[in-house]
Amino acid sequence: MKLARPSLSLNPVLVKELRGRMRGPRAFLFLTGVLVLLGLVSYGLFQLALPRYYDRFGGGNNAAAGAQIGQTVFVGLVFLTLLLICAIAPSLTAGAISGEHQRKTYDLLMATPLAPFTILAGKLGAALSYVLLILLAAVPMTSLAYVFGGVTMEDLVKAFAVMGGLAIVFSVMGLFFSALFKRTGIAVGVSYLLLGLATLGSFFIYAVVGVMRGEQPPNWLLAVNPFSALASALVEGVVLDPNSVYSGSAMTPLLWGLAGGRFDNTTLPQIPLWQYTLALYASLTLLWLFLATQLIKPVRRFQFGRVGWLLIVLVIVGVIGALVAVFAPRFIPPLRAAWIWQNATQRNIVPNGTFLEPPDWNWQIAAVAAPTAKSETRAQTEWQRTTVLKGFVRVWNPTVDAATLTLTQPLNVPISEVAQVKLRLVLQIRNQASEVCGAAGDECPVMVQLRYTDVGGQAHTFTHGFYANGKPRPGIARACLTCEDRPQNQRVNMTNWITWESPDLYDARTPEETPRTFDSITVQFAGAAYDVLLARVNVLVREGRPLDFRSRFNATPRWSYTDALPYQILNFLNQFNMGGSSRRVPGGFIIQTGPAPFIAPPTAAPLPPFKTP
Amino acid sequence: MNEPLAIETKNLTKKYKRTLAVDHLNLQVPRGALFGFIGRNGAGKTTTLRMLAGLLEPSTGEVFVNGERVEKKSRGLHRLIGYMPDFFGVYEDMYVWEYLDFYARCYNLPPAQRKKLIDELLELVNLADKRDANVQALSRGMQQRLCLAHALIHEPQILLLDEPASGLDPRARIEMRELLKELAAMGKTIIVSSHILPELAEMCTHIGIVEHGKLMANGNTQEIRRQLQANRILRVRVLTDSARALELVRNVRGVGEPSVIAVTDNSATLEMEFEGDDHAAAMVLAELVTRGAPIAEFSEGGNALEQVFLQLTTAENN
Ligand SMILES: Nc1ncnc2c1ncn2[C@@H]1O[C@H](COP(=O)(O)OP(=O)(O)OP(=O)(O)O)[C@@H](O)[C@H]1O
Ligand SMILES: [Mg+2]
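Those sequence lines, one after another, are chains A and B. In terms of this note's numbering, the first sequence opens at residue 1436 and continues consecutively. In terms of this note's numbering, the second sequence opens at residue 807 and continues consecutively.
See the structure below:
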């Protein structure tokens, strides 16, 4: 008896399909067509983006302008490519099995000893080879965008991985329906119907839920949406780096709109959307493949023998067990506390602490001239949203007289079982003229104060200041002597963005001084001729019990109709013919008068005046 | 001693929603047989063959191949059996050699063997000159022969051919017949279905007749003849007018009442029922000659089996 040699040969179905598909000029014409389309679109995007960013950044060889242009072209291209894939992938496979029935070649194929999975794999491989052509066509174009800057290699890899993965998902979907319906027409119809529901349908549901609830809907509503998944994969990297140059292209709001709204530190920790999509589609794809292997068998469908059934039962039990193990703790009260403890991440409790919205939305701004001022001097503020995800306030005093400005926000956040409390600021001191800072000569240009009440009812204030002057240089007297005198103050480099994070405030306390309520937070700007950019004021709390966010945010809804996709698209289109008031300031940053806040600032009782410690 | 049958079915039944396509079929095909499977349109031939090929699930009943029950997982079955359906299509955008190459790959034949085999098979089915033609550009008969070649590619022991001769021109039919005989001589077991009886009666060693899903007869061709057809038919052409011919032939021993079936200017063709073997037929001829009948032709009525077949089916219909 001859032993069967382990087969190293190619999948016969794949060979056959590729011979057919790649023969003649068809594949070549297809590739050329896709290349031309992508080329035209990227050229168009470039032409649209060029004047916008070129003007804005004052022209020249500006890295920032290049980055913005690069990002615009990249995002546009990637989404077009995904659109092409969605439009083509199902049709490549929807006829795969039904075609065998309709062509009457099914019996011949089934009379061969090929395993059902081999047949499916061959059909899938052939379809994906076409998708690969699209991706190949996209590579040179996106590489051009990469050259412009604003796109990292990680973005490129991620975009292509997501598109490739989605191509597999939709090809398998077509394959499944082809095996199920045995009629190509129906399989194609149902595939595209489902795809339409997953894209347009999910956007619609998302928008409706958002408008009805008046707050940001759960982003998993968009998990089935391939475009949202791609968008979320692309913005993810940008969020984490507040200093990223390229977080400012016109594409970013669009990305956020697609990805189900921006992530805000003030809400519960969210899993990036694409991870939901990955889990959902990976399991769906496996299920479709499994069902398809059974459906294409001419006889003995869904008959597996004892071992087969045992395996299937094991898999089902395993999956259910894993789901229970992962999700049960969230819903079973005694386990829930432990789960939160386990999973609690740092959470910011300062609304609009990232200045996504204009500061006067919820910060109380008080500008006072120093008593010694010779004229009516006021510090000024400007707010700019360079991107939806990152805004900042500029506070500056253009005069040589001292003037103070405070940004205050009442918090009144009760907490318990605090594990950790940290303050985080992102700021830049662009100018600081005074040698003696502050009106009373004992304040830094930027100081932050966090007030809280401890478990015993005692009030506390945590203070930290930043100054830029005072670098000891030979022969020159040290500036800002007073700032340096205080250990809680810190010198930073001028015109550099800095991210500062405090040590754990909770660690430093005795048990009696454990914070129970955070009362308010204040950022004070003081001195003469200072110019400060403040991008982030966060109080990061890690605790053992969830905060009641819902009630806290009732006064200021976190989501508005402006976050819905249609608005974002209009917004996006508007940017190309904007005549808004923006101007360039030295240092590469744009100061733009922010649009009027969409939501009226909450009226709250004025805080007691700022007291120096 | 008892060699297992190549194919045996026990109470094989296939029921579609309304129709009982195959009804408790007990088929027995010995090894090396050239088995003619005969039935009218809708008799259940295709349904039976597809069940034998493992392409259709029987409602009840069992199939045995080489004495082994076709079990739940019988991947080996596909390597034993070559199947040619009655209606089939071909893939688009494919050359003739690619068509065979595809199926050869499906059976995991090594490349060198593949190429040689393809050429040999194309030679066998007379399509060598069409090697690089597009399969869709082949005529129906050519596709038919190509499909037969495909069924032979893995050198199966058992061939299931569903109406292989339909669509073939008369010459190709004869060639097909020769080809089947040749394959049978190579020791393959072949099951051929058809509704055209003479085509099969001549070459088949065994015959099964199916009607409305039921097996009416199954066995050795000779046996069937004897079993189902008590009377053979003799055909005689006598060079006289019909009245004289009738007179001459009437009352010959062992022959029934003759009937005139054709008359020409100087001859009449008669047919008569006849019981007995070839020996007895020779006696009949001798007697006719001694009676002085000017015999121009003496033959067996070719369509005897067919008549029985027709008789059978009409009987069933009544
Ligand atoms: N897929 C099907 N669904 C329902 N009934 C069917 C199906 N296939 C066959 N039948 C019925 O089963 C019976 C047997 O059909 P089958 O094709 O086996 O006949 P056949 O002997 O091959 O006829 P022909 O000589 O015309 O090829 C017919 O009555 C037919 O209508
Ligand atoms: Mg038939």
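The C-beta atom is built at its ideal place from N, Cα and C for all residues, glycine as well. Fair warning: this is a prediction, and the values are worked out from it, not measured in the lab.
Proximity of chain A to residue 891/B at the Cβ level (cut-off 9 Å) is accounted for by 1539, 1542, 1543 and 1546, in chain order.
In the DSSP annotation of this structure, the continuous segment of the alpha helix (DSSP H) that includes residue 1551/A starts and ends at 1551-1583. Contact note: residue 1455/A reaches chain B through 897, 898, 899 and 900, using a C-beta cutoff of 8 Å and chain order. Close partners of residue 909/B in chain A (Cβ separation under 7 Å): 1547.
Residue-level contact check: residue 1450/A touches chain B, since one or more beta carbons of chain B fall below 8 Å from its beta carbon. The alpha helix (DSSP H) runs lying completely inside the segment 1614-1654 of chain A and spanning 4 residues or more are 1619-1631 and 1637-1648, given in chain order. Scanning chain A for C-beta atoms nearer than 7 Å to the C-beta of residue 811/B yields nothing, as the closest lies near 21 Å away. Looking at the DSSP output, residue 1079/B bridges to 1039/B.
The beta carbons of residue 941/B and residue 905/B sit about 5 Å from each other, so the pair counts as a contact at 8 Å. Counting of Cβ neighbours within 10 angstroms places residue 1897/A among the buried residues, the total reaching 16 or more. Partner residues in the beta bridge of residue 1963/A, as assigned by DSSP, are 1837/A. Taken from the Cβ of residue 899/B, every heavy atom of ligand 1 lies 7 Å or farther away. For the segment 1734-1766 of chain A, the beta-carbon criterion of a distance under 8 Å to any beta-carbon of chain B is satisfied by 1734, 1735, 1738 and 1740. Taking a Cβ-Cβ threshold of 7 Å, the residues of chain A close to residue 913/B are 1547 and 1548, in chain order. Listed by position along chain A, the residues whose Cβ is nearer than 7 Å to that of residue 860/B are 1734. Under the DSSP definition of a beta bridge, residue 1818/A partners with 1828/A. If you check the CB distance, residue 1544/A and residue 1508/A do not come in under 8 Å. If you draw a straight line from the Cα of residue 1751/A to the Cα of residue 867/B, it comes to about 34 Å. In this structure, ligand 1 has no non-hydrogen atom nearer than 7 Å to the beta-carbon of residue 1740/A. DSSP places residue 935/B within a helical segment (H, G or I) once states are collapsed to three. Bridge pairing for residue 1025/B: 1013/B [DSSP]. For residue 1533/A, the uninterrupted alpha helix (DSSP H) segment begins and ends at 1533-1537. For residue 884/B, a Cβ of chain A is located within less than 8 Å of the residue's own Cβ. Put simply, the CB of residue 1444/A is near chain B, with a gap under 8 Å to one of its CB atoms. At a Cβ-Cβ threshold of 8 Å, residue 1930/A and residue 1863/A count as neighbours. Look at residue 888/B here: in three-state DSSP terms it is strand. Here the segment 1504-1520 of chain A makes contact with the segment 1565-1579 of chain A; the two share three or more CB pairs at distances below 8 Å. Counting along the chain, residue 1728/A sits inside the alpha helix (DSSP H) bounded by residues 1708-1730. For the pair of segments examined, the segment 1612-1620 of chain A was found to touch the segment 1517-1534 of chain A: the number of CB pairs separated by less than 8 Å reaches three. Under the DSSP assignment, residue 1449/A falls in the alpha helix (DSSP H) whose first and last residues are 1447-1456. Setting aside the 5 residues that flank it on each side, residue 1607/A is surrounded in the same chain by 1528, 1559, 1720, 1723, 1724 and 1727, each with a C-beta closer than 8 Å to its C-beta; the list follows chain order. Those residues having their beta-carbon less than 7 Å away from any non-hydrogen atom of ligand 2 are, in chain order, 851/B, 852/B, 892/B, 968/B, 969/B and 999/B.
Of the other Cβ atoms in all chains shown, fewer than 16 fall within 10 Å of the Cβ of residue 1467/A; this residue is therefore exposed. Where residue 868/B is concerned, the enclosing beta strand (DSSP E) starts and stops at 866-871.
Between the segment 819-839 of chain B and the segment 1015-1030 of chain B there are three or more C-beta pairs closer than 8 Å, enough to call the two in contact. Here the C-alpha atom of residue 1506/A lies approximately 11 Å from the C-alpha atom of residue 1477/A.
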